[in-house]
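Read the structure below first, then the notes.
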Amino acid sequence: MDPPTQKHSRVVIVGGSLAGLMCAIVLKKAGYHVQVLEQDDDQRRSHMAGIGLGPVGARFLSQYARLESVFTHTTNGVHLLKGDGSMKLLAQGRREITSWDTLYLCFPPHPADDTGGTATYSSNTKVIKIESSGASGSGLVVFAQDTTTKKEYCIPAAMIIGADGPDSVVRARYLPEVRRHYAGYVAWRGTIPENEVSADTFKMFESSVVAHTMKKQHCIVYSIPGADGSLEPGRRFLNFLWYTNESPEALEDILVDNEGRRRHNIVPATYVREEVWAARLEEARSMCLPKAVLEVMGMIRHPFIQVITDFCSPCAMFEGGKALLVGDAVSLFRPHAAMGGAQAAYHALLLEQYLCGEISLEGWHDRVTQFSYSFWLQSVWWGEFYQGTFRTALLSGLRYWLHCGRRWLAQLWARKAADV
Ligand SMILES: Cc1cc2nc3c(=O)[nH]c(=O)nc-3n(C[C@H](O)[C@H](O)[C@H](O)COP(=O)(O)OP(=O)(O)OC[C@H]3O[C@@H](n4cnc5c(N)ncnc54)[C@H](O)[C@@H]3O)c2cc1C
0 MDPPTQKHSR VVIVGGSLAG LMCAIVLKKA GYHVQVLEQD DDQRRSHMAG
50 IGLGPVGARF LSQYARLESV FTHTTNGVHL LKGDGSMKLL AQGRREITSW
100 DTLYLCFPPH PADDTGGTAT YSSNTKVIKI ESSGASGSGL VVFAQDTTTK
150 KEYCIPAAMI IGADGPDSVV RARYLPEVRR HYAGYVAWRG TIPENEVSAD
200 TFKMFESSVV AHTMKKQHCI VYSIPGADGS LEPGRRFLNF LWYTNESPEA
250 LEDILVDNEG RRRHNIVPAT YVREEVWAAR LEEARSMCLP KAVLEVMGMI
300 RHPFIQVITD FCSPCAMFEG GKALLVGDAV SLFRPHAAMG GAQAAYHALL
350 LEQYLCGEIS LEGWHDRVTQ FSYSFWLQSV WWGEFYQGTF RTALLSGLRY
400 WLHCGRRWLA QLWARKAADV
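Each residue of the sequence shown is one higher than the last, beginning at 0 in numbering that gives the first Met the number 0.
As structure tokens, then:
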């Protein structure tokens, strides 16, 4: 089946973060006129935290981004840090880690290429709703607001890509019942320049992701590129996360920021109340966390709090393929597998295959939703393994492996049928 729009028609992408940028690059290269609408201003306020790429993310970047230098830090596995300071290998495996900022800056504006495609990026533009247009509903209209002037206007589009994250306004039009759920725990996060820690601590976190597990909580420390994307040892950051289970009542206090505002999914850096962070530090010291972890935590100047939520949408295609969802708008994984960046890249690479006719729209949809569902189940399992009870960990693990088994059987069946 051909793509629902002709080359050179206008595609509006709602959301200009990683998934939106990746799809914009693919569409422009395929000859479309792309308009990215992003509600935030030009100065993106990054979380300054690590982001994993996985092989699929690396594939996307080698194909599309103009990389002038290496921008990922390679870790060789996950090590378990015991209370006495000794380390044990938990899982071997290469992992490319970068930071959101570094990745975001891999996508500089490209000059027009010979495909005739164009791309524009409009910041301060919030999409309010989308509607079908024309008597037969043949096109779509995007209603947007300039967040500075508050002026509203509409943009006709042959196709809309919802890359607008977990609270997607595009998804809300078609699947209002799909929403993120609180997973029962939060992450206390922060980064520090790695040259500020002692030599022993520096060595401990130099080349591996280090985890320290306790009953229903765990800490993770690893290095990520520095403020300017630098990978030079000593100029990088150490990224710290401590996951703790919090009751809904406790959240009510933790999520009130230093201006008295109740935040929802994140209390950004510089907004966490001093007494809230001081109490956490005090608790960490009284729990006798490993010395190196305490050292890193004690040096964090601007902590931030991320509420762990997740969901998975059963559908990513609407209006006969004229409206598609990608990235976190399809599924929000729990952060343990660091797969958010990989999901965005995978969806964009599939879009490329669809646009050049290698796969059908149904094939695109099947692969997008299967990928998102599998990794969402896996992320829930890992999250429950660390933070849940024995029962919830077991059940979510079984659910994941049953899904994998079913999927494997279905693929085997399809191959056999194709051979006959
Ligand atoms: C500023 C920022 C910093 C991040 N930092 C990290 C990090 O450090 N580590 C990490 O693992 N992940 C981080 N993430 C999340 C990470 O980008 C995603 O998990 C993943 O890469 C998939 O991205 P996405 O583009 O699908 O969704 P998101 O990154 O959530 O992007 C959605 C985008 O859509 C925009 N948007 C939403 N609604 C509208 C609307 N109505 N109109 C217009 N625009 C809209 C949002 O402003 C946002 O830019 C960050 C996201 C953002 C936005």
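In this text, a Cβ means the ideal position worked out from N, Cα and C, and glycines have one as well. Owing to the predicted nature of the structure, the values given are computational and were not obtained by experimental measurement.
The beta carbon of F374 sits closer than 7 Å to those of F332, A336, M338, Q342, all from its chain and outside the five residues before and after it, given in chain order. Between A182 and I299, the CB-CB gap reaches or exceeds 7 Å. The Cβ atoms of A328 and S167 sit closer than 7 Å to each other. T73 counts as exposed, since fewer than 16 other beta carbons sit within 10 angstroms of its beta carbon. Ranked by Cα distance from R279, the first of S137, R188, N194, Y345 is R188. Relative to ligand 1, the nearest heavy atom lies less than 6 Å away from the CB of A162.
Annotated as proximal: V140 and S132, with beta-carbon spacing under 7 Å.
Here the alpha carbon of F384 sits roughly 10 Å from the alpha carbon of S378. The C-beta distance from Q91 to G76 rounds to 4 Å, short enough to fall under 8 Å.
Between G225 and F236, the C-beta gap is smaller than 7 Å, which places the two residues in contact. H180 is classed as exposed because its beta carbon has fewer than 16 other beta carbons within 10 Å across all chains shown.
Contact between S121 and L36 holds, since their C-beta atoms are separated by about 5 Å, short of 8 Å. Between the alpha carbons of R260 and V271 lies a gap of roughly 11 Å.
With respect to K214, Q386 sits apart: the two C-beta atoms are not nearer than 7 Å. Relative to ligand 1, even the nearest heavy atom lies 6 Å or more away from the CB of I129. Taking all protein chains shown into account, V419 has fewer than 16 neighbouring C-beta atoms within 10 Å of its C-beta and is therefore exposed.
Taking one beta carbon from each stretch, the stretch 190–209 and the stretch 217–234 have 3 or more pairs nearer than 8 Å; the two touch. By DSSP's assignment, V185 forms a beta bridge with T243, V306. Excluding its 5 nearest sequence neighbours in each direction, G161 has C-beta neighbours in its own chain below 8 Å: V13, G14, S167, V168, V169, R170, A322, L323, L324, V325, A328, listed in chain order.
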